[in-house]
Every structure is written in structure tokens, then in C-alpha cells.
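Start counting the sequence shown at 11; every next residue gets the next number (the working numbering).
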Amino acid sequence: MQVSNGTGDLQTSDFELSISGGSATLSSTTPTSISRSGNVYTLGIG
């Protein structure tokens, strides 16, 4: 969130990704992109 009082749009830095189990790896612990459609957010992990 850009604003400290909890308002504003979500940003990629608001998330920390992790994987538990398996053999996959993440190139980054933050999403590569974020998009919003209404109240639905889509995170890019590419």
C-alpha cells in the first residue's frame, strides 16, 4: 500500500512469495507484476 494508513493500491512489495516442498525455485520472493480488475488482483510470478 502506498499510504501508511492502509489505503491505496496494493503493490508488489506488499507480498513475499515462498514455496514449500517440491523442487521448484523462485527467481524472486516478490511478484514481478500486479494488476487489478475491480477487487481482483493478479500477481505475476514470471
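We put the beta carbon where it would ideally sit given N, CA and C, even for glycine.
query                                                                          : result
Collapsed DSSP secondary structure at Thr35 in the structure displayed         : coil
First through last residue of the beta strand (DSSP E) which encompasses Ser43 : 43-47
Distance, Thr42 Cα to Ala34 Cα                                                 : 17 Å
First through last residue of the beta strand (DSSP E) which encompasses Gly54 : 50-54
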